[in-house]
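**Q**
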Amino acid sequence: MGARPAGRTGEPARKGIPVSVVPTTVSIRNGLFETPVYRKGSGAPLLWLHAAGGLNKGWTPELEALSQQYDVIAPVHPGWDDTAGLEHIDDIHDMVVYYQDFLDALGLASVFVAGHSIGAMFAAELAAARPDMVKKLVLTCPVGLWMDETPVTDMFTKLPNELPGVIFGDLSNPIIPQLFTRPTDPDELADAMYLQLANFSATGKFIWPIPDKGLKKRLHRVKSPTLILWGEQDNLTPFAYAALFQSKIKNSRVVSFKGPGHMLPLENTPAWAKEVADFLG
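Take the sequence shown: its letters are residues 1372 to 1652, numbered as in my numbering.
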């Protein structure tokens, strides 16, 4: 494993956000991938797979909460946050192999794995492909399944001002102005818009036009105990999908939250983190 301070692509892109963790770069497949990795905490290793928005806001509150009990390892997916590497990944199966290589590069044979949204889809796919690598699995508002009667919202058709109403259950939540207010400086705004476009483009490779890429045919292979967490006001991946995921993962249970939406880990960090910690032990 090679590690060095990450450059621009691994740094938070917003002023005003406390930077408590400086990412390092992990070299994978002899440098084919140079992955920025945020890491903090002690205890059992916990691999965190982020949502569509990437990690360019730095060490956010949900990661800080988890790091109080676990060695949290949060890599940037290839192609997100203006990183390279997505050109070497053709589909979800390549991404699963990539994360096997990532864990090998860190010398980790088996870890706790948690993911949010598309990161939860990647986590579920990894657990299905390599049950031996995943001790316990936490899925928060995962994408990856499809029901015609309850479609997942197509976020790619939404205007920037419409997205908060899709991903947040309560638009008065104070975390929104702290982390999601658009910069007023023209250069910062351009950078923010560029990163959003890049991250949406990377996300689209795995969930557009619909997020059903065959995960439903593989979920039965998940052997690890699984916790499924969902905000009942999720307007991106409706709460109805929680029962569908549970029905396809044998050793799983659902915990729901009445107020939050898709951004559950940020909307109610203390309650969400407590459920994760109670489950992982």
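For each residue, glycine too, the CB sits at the ideal point set by N, CA and C.
1) Could you please give me the residues that DSSP links to LYS1411 through a beta bridge?
2) Contact between the region 1542-1550 and the region 1635-1646: three or more CB pairs below 8 angstroms?
3) From the DSSP secondary-structure annotation, give me the bridge partner or partners of ALA1485.
4) Let me confirm a value: PRO1522 is counted as buried when at least 16 other C-beta atoms fall within 10 Å, else exposed. Which label applies?
5) What's the gap between the Cα of ALA1422 and the Cα of THR1608?
6) Does the beta-carbon distance from LEU1420 to GLY1478 come in below 7 angstroms?
7) Looking at the structure shown, is ILE1546 part of a helix, part of a strand, or coil, going by DSSP?
8) Since I believe LEU1497 is in contact with VAL1505 (beta carbons under 8 angstroms), could you give me their beta-carbon distance rounded to a whole number of angstroms?
9) If ALA1445 and LEU1457 are in contact, beta carbons under 8 angstroms, what's the gap, nearest whole angstrom?
10) Compare the C-alpha of THR1395 against each of PHE1650, THR1528 and THR1406 and name the closest.
11) So, are the CB atoms of PHE1539 and MET1634 less than 7 angstroms apart?
12) For the putative contact between SER1488 and PRO1513, defined by C-beta atoms under 8 angstroms, what is the C-beta separation to the nearest angstrom?
13) Spatial neighbours of ALA1611 within its chain, please: C-beta separation below 6 angstroms, excluding the five flanking residues on both sides.
14) For GLY1424, which option in HIS1459, LYS1588, ALA1415 and ASP1453 has the closest C-alpha, if you only look at C-alpha atoms?
15) Among PRO1557, LEU1590, LEU1550 and LYS1507, which residue has its Cα nearest to the Cα of ALA1415?
16) Where DSSP assigns a beta bridge to PHE1628, which residues make up the other side?
17) My guess is that VAL1484 and LEU1418 are in contact by the Cβ rule of under 8 angstroms, so how many angstroms apart are they, rounded?
18) Are there 16 or more other CB atoms within 10 angstroms of the CB of VAL1447, so buried, or fewer, so exposed?
**A** Concretely, from the data shown:
1) As a working mapping, residue 1411 is identified with position 40 in the sequence shown. DSSP lists VAL1443 as partners of LYS1411.
2) Output reads yes: the region 1635-1646 touches the region 1542-1550.
3) Within the sequence shown, the letter at position 114 stands for residue 1485. TRP1419 and VAL1509, per the DSSP bridge assignment.
4) Numbered from its first residue, the sequence shown carries residue 1522 at position 151. Exposed, by the Cβ-count rule.
5) On the sequence shown, position 51 is the one that residue 1422 refers to. On the sequence shown, position 237 is the one that residue 1608 refers to. Between ALA1422 and THR1608, the C-alpha separation is close to 13 angstroms.
6) Locating residue 1420 in the sequence shown gives position 49, where the first residue counts as 1. Locating residue 1478 in the sequence shown gives position 107, where the first residue counts as 1. Not in contact: LEU1420 and GLY1478 (Cβ atoms no closer than 7 angstroms).
7) By 1-based counting over the sequence shown, the position of residue 1546 is 175. In this structure, ILE1546 counts as helix in the three-state DSSP scheme.
8) Within the sequence shown, residue 1505 is the residue found at index 134, counting from 1. Within the sequence shown, residue 1497 is the residue found at index 126, counting from 1. Indeed they touch by this definition, with Cβ atoms about 6 angstroms apart.
9) Here residue 1445 refers to the residue found at position 74 of the sequence shown. Here residue 1457 refers to the residue found at position 86 of the sequence shown. Not really, about 18 angstroms apart at Cβ, beyond 8 angstroms.
10) Residue 1395 sits at position 24 when you count from the first residue of the sequence shown. For the options PHE1650, THR1528 and THR1406, the alpha carbon positioned closest to that of THR1395 is the one of THR1406.
11) Counting from 1 along the sequence shown, the entry for residue 1539 is found at position 168. Counting from 1 along the sequence shown, the entry for residue 1634 is found at position 263. Against a cut-off of 7 angstroms, the Cβ pair of MET1634 and PHE1539 comes out as a contact.
12) As a first step, residue 1488 is located in the sequence shown; it is residue number 117 there, counting from the start. As a first step, residue 1513 is located in the sequence shown; it is residue number 142 there, counting from the start. Sure, about 7 angstroms apart at Cβ, within 8 angstroms.
13) One-based indexing of the sequence shown puts residue 1611 at position 240. Excluding residues up to 5 positions away in sequence, THR1521 lie with their Cβ nearer than 6 angstroms to the Cβ of ALA1611 in the same chain.
14) As a first step, residue 1424 is located in the sequence shown; it is residue number 53 there, counting from the start. Of the candidates HIS1459, LYS1588, ALA1415 and ASP1453, the one whose C-alpha sits nearest the C-alpha of GLY1424 is ASP1453.
15) The residue labelled residue 1415 in the question sits at position 44 within the sequence shown. The shortest C-alpha to C-alpha distance from ALA1415 to any of PRO1557, LEU1590, LEU1550 and LYS1507 is the one to LYS1507.
16) The count along the sequence shown starts at 1 and reaches residue 1628 at position 257. According to DSSP, which records beta bridges pairwise, PHE1628 is partnered with GLY1602.
17) Numbered from its first residue, the sequence shown carries residue 1484 at position 113. Numbered from its first residue, the sequence shown carries residue 1418 at position 47. Separation of the CB atoms of VAL1484 and LEU1418 is rounded to 5 angstroms, and the pair is thereby assigned contact status at 8 angstroms.
18) Working through the sequence shown from its first residue, we reach residue 1447 at position 76. With at least 16 other beta carbons inside 10 angstroms of its own, VAL1447 counts as buried.
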